[in-house]
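A short write-up of the structure that comes next.
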Amino acid sequence: MFGRLSEEIEIKVAANEAWKIFGALELGHLAFHQLSDIIHKMEVLEGDGGAGTVIKLSLPGNTYCKEIFKVVDHKKRVKIAELIEGGFLDMRFTFYQVRIEVIENAKDENSCTVKFTIEYEVKEDAAANASLVTIRAYVTMMNVGVDYLAKNKNKSFFYNYK
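Residue 1 is where the sequence shown starts when you use the UniProt record's numbering, and the numbers rise one by one after that.
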């Protein structure tokens, strides 16, 4: 069984500025520091935020997941992360992927749209588990990024996550 969920939000910041948060490790660090009820810990196991980067997220209920950044396309402003261990894969999902896109507004260079899309596949005998998939946590993370960008619009630095 295959499924897809998507959510987007328009923000009043240039696409290249939004990409600095949404296209890198910054979003995970912001979420870890501001949403400890969703992400208890974020560890970079391999890489520097580009394609091939592997991160481990410690989640509520003593659970975790590992994901790999399959695509980080700075030109198209697209990042795709695929779950490779834990999380939904422990619930008989065979595929779980999150796509983040920052889309430039052709009419206003000082605004853009950020879009999150979840795609998943679950084994037929566990199809009921598909009801557990929600985009709510990603929307919350998207809003953290948007809030951060709004508060730091004219600054040349980003979140100090150390």
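Backbone N, C-alpha and C define an ideal beta-carbon position, used for all residues, glycine too.
- Here the alpha carbons of Glu8 and Ile100 stand approximately 10 angstroms from one another.
- Across the set Glu104, Leu149 and Phe88, the C-alpha of Phe88 shows the shortest separation from the C-alpha of Thr134.
- Scanning Tyr64, Gly145 and Leu25 for the CA closest to the CA of Gly52 turns up Leu25.
- Taking a C-beta distance under 8 angstroms as the contact criterion, Val122 and Phe93 qualify as a contact pair.
- For Gly145, the uninterrupted alpha helix (DSSP H) segment begins and ends at Arg136 to Lys151.
- Under the DSSP assignment, Glu85 falls outside any alpha helix (DSSP H), being part of the beta strand (DSSP E) whose first and last residues are Val78 to Gly86.
- Contact check for Cys112 against Ile103 passes: the beta carbons are separated by less than 8 angstroms.
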